[in-house]
Amino acid sequence: MECTETTLADGSLLTVSVGPISQVGGDAPRLLTTDEVEGRDPGTFAWSRVVAVDSIGNVSTRASEYVRGDDVETADWKVPVAALRALALDPTLLAADVAHEPMPLYTGE
33 MECTETTLAD
43 GSLLTVSVGP
53 ISQVGGDAPR
63 LLTTDEVEGR
73 DPGTFAWSRV
83 VAVDSIGNVS
93 TRASEYVRGD
103 DVETADWKVP
113 VAALRALALD
123 PTLLAADVAH
133 EPMPLYTGE
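The structure is reproduced here in structure tokens:
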């Protein structure tokens, strides 16, 4: 539906995207097209708003909000984009030592 990309002063890429998504909280959510949700029961999908940062140090952060609504204009957004952006740009989350911390559940480390 909507996607903007901005290159930050340090070379990181900031992406803000908004669109419909299926199976929020499920095992295999996927992005939907506006045609797929037109006339669909709003209880069967959600609107996703994501602010993402991909740094030149190979670190990625995401801050997201998922809400229900008939369409993106009437979706009940609670978190301002500025707050999502601040979370995604949090320097304590973008630090390489944090991002590369072993995750035994997934890596066996």
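First residue of the sequence shown: 33, per this note's numbering; consecutive thereafter.
We put the beta carbon where it would ideally sit given N, CA and C, even for glycine.
- Put simply, the backbone Cα of Thr36 is about 26 Å away from that of Arg72.
- Secondary structure remark: continuous alpha helix (DSSP H) runs of at least 4 residues inside the region 58-140, in chain order: 66-69, 113-120, 123-126, 128-131 and 136-139.
- Judged by beta-carbon spacing, Ser92 lies beyond the 9 Å limit of Ser80, meaning their Cβ atoms are not closer than that value.
- Leu40 is classed as exposed because its beta carbon has fewer than 16 other beta carbons within 10 Å across all chains shown.
- Checking the DSSP bridge columns, you'll see Leu40 has no partner listed.
- Around the CB of Leu63, fewer than 16 other CB atoms lie within 10 Å, so the residue is classed as exposed.
- Of all alpha-carbon atoms in Ala115, Thr66 and Pro52, the one lying nearest the alpha-carbon of Tyr98 is that of Pro52.
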